[in-house]
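**Q** Got a structure for you, questions after.
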Amino acid sequence: MRDASADRVPSRDQIAASRLTSARVLLNVGGECHEVLWHTLERLPTSRLGRLRSAVSHEQIIRLCDDYSLAGNEYFFDRHPRSFACILNMYRTGRLHMVDEMCVLAFHEDVKYWGLNEALMETCCQHRYFQKKEQVEEEMRKIGEACLDRTKEEEFGRDSCAPYRKRLWDLMEKPQTSMSARVSHSLSVCLCVATHTHNRVIK
Numbered sequence: 132m133r134d135a136s137a138d139r140v141p142s143r144d145q146i147a148a149s150r151l152t153s154a155r156v157l158l159n160v161g162g163e164c165h166e167v168l169w170h171t172l173e174r175l176p177t178s179r180l181g182r183l184r185s186a187v188s189h190e191q192i193i194r195l196c197d198d199y200s201l202a203g204n205e206y207f208f209d210r211h212p213r214s215f216a217c218i219l220n221m222y223r224t225g226r227l228h229m230v231d232e233m234c235v236l237a238f239h240e241d242v243k244y245w246g247l248n249e250a251l252m253e254t255c256c257q258h259r260y261f262q263k264k265e266q267v268e269e270e271m272r273k274i275g276e277a278c279l280d281r282t283k284e285e286e287f288g289r290d291s292c293a294p295y296r297k298r299l300w301d302l303m304e305k306p307q308t309s310m311s312a313r314v315s316h317s318l319s320v321c322l323c324v325a326t327h328t329h330n331r332v333i334k
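Okay, so the sequence shown: first residue is 132 according to the numbering used here, each after it adds one.
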């Protein structure tokens, strides 16, 4: 997208000149374009777009977006555009609203990516957002525990000897699981060192 070749990037003067040619900027998010006034982005100076507004070098710009064109006054972000209209509206109105039809964790990631604080969410959405987020995180935790239990069953079986097999495995392979396992591990290390030393003496 950049006009310059890969080994020749725009200078600070070229970047500054491009900002003076237009009061507006084109933000291309996943192929979906949004036109906004540069000074609108100044309202949230610590956010990703706020920092893009104040960026004065190629190095600063490319850390904030995936590509850009000074000639087209366009900045490209390789992300799904699902929540961007809502994100951009935060700059215009000062209010952040949740996207109902979107996965709450995906929305959380988008808010984080754009450098916004979820605590800025409007009261009408805040309770619902955090409640949904907690529910999804709890469900994911339960699924993770279920998968872990299933893996243990597959490794050690389900018969009456399974707990003993697991305990023996932990004793031999996982010294952090108990004091007995740590003692067993220490003895194994000592025996290995002693055997190695003995063999060297014989040679």
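For glycine and all other residues, C-beta sits at the position ideal for the given N, C-alpha and C.
Values in this document were obtained by computation on a predicted structure and should not be read as measured data.
Express the C-alpha separation of PRO176 and ASN248 in angstroms, rounding to a whole number.
**A** Between ASN248 and PRO176, the C-alpha separation is close to 13 Å.
**Q** Beta strand (DSSP E) containing ASN159: first to last residue?
**A** Unbroken beta strand (DSSP E) run through ASN159: 155-160.
**Q** Given this structure, state the Cα-to-Cα distance separating SER142 from ILE274, to the nearest angstrom.
**A** Their backbone Cα atoms lie some 51 Å apart in a straight line.
**Q** What are the uninterrupted segments assigned as alpha helix (DSSP H) that are 4 or more residues long and contained completely in the segment 193-259, given in chain order?
**A** Runs of the alpha helix (DSSP H) inside the segment 193-259: 215-224, 235-244.
**Q** Going by C-alpha to C-alpha distance, which of VAL156, PRO212, ALA148 sits closest to GLY162?
**A** Of the candidates VAL156, PRO212, ALA148, the one whose C-alpha sits nearest the C-alpha of GLY162 is PRO212.
**Q** Counting Cβ pairs closer than 8 Å, one from the segment 190-200 and one from the segment 258-274, do we hit at least three?
**A** Touching, no.
**Q** How many Å lie between VAL140 and ALA186 at the Cα?
**A** Whole-angstrom Cα-Cα distance: 15 Å.
**Q** Which residues in the same chain as ARG223 place their Cβ atom closer than 7 Å to its Cβ, once the five residues preceding and following it in sequence are excluded?
**A** Around ARG223: THR171.
**Q** Considering only C-alpha positions, which residue in the set SER178, ASN159, ALA154, LEU168 is nearest to LEU251?
**A** Closest by alpha carbon: SER178.
**Q** Please name the residue in ARG272, THR254, TYR206, PHE238 whose C-alpha comes closest to that of HIS165.
**A** Considering only alpha carbons, the answer is TYR206.
**Q** Please classify MET271: is it buried, with 16 or more other beta-carbons within 10 angstroms of its beta-carbon, or exposed?
**A** Exposed, since its Cβ has fewer than 16 Cβ neighbours within 10 Å.
**Q** To which residues of the same chain is SER153 closer than 7 Å at the C-beta, ignoring the five residues directly before and after it?
**A** The residues are ASN204.
**Q** Excluding the five sequence neighbours on either side, which residues of its own chain have a C-beta within less than 8 Å of the C-beta of SER188, listed in chain order?
**A** Contacts found: ARG143, ILE146.
**Q** Given this structure, state the Cα-to-Cα distance separating GLU253 from ARG259, to the nearest angstrom.
**A** Rounded to whole angstroms, GLU253 to ARG259 spans 11 Å at the Cα level.
**Q** Return the CA-CA distance between VAL242 and LEU279, expressed in angstroms with no decimal places.
**A** Between VAL242 and LEU279, the C-alpha separation is close to 31 Å.
**Q** Please classify TYR199 as buried or exposed, where buried requires at least 16 other C-beta atoms within 10 Å of its C-beta.
**A** Buried.
**Q** Given a threshold of 16 other Cβ atoms within 10 Å of its Cβ, counted over all protein chains shown, does GLY181 qualify as buried or as exposed?
**A** By the 10 Å Cβ count, GLY181 comes out buried.
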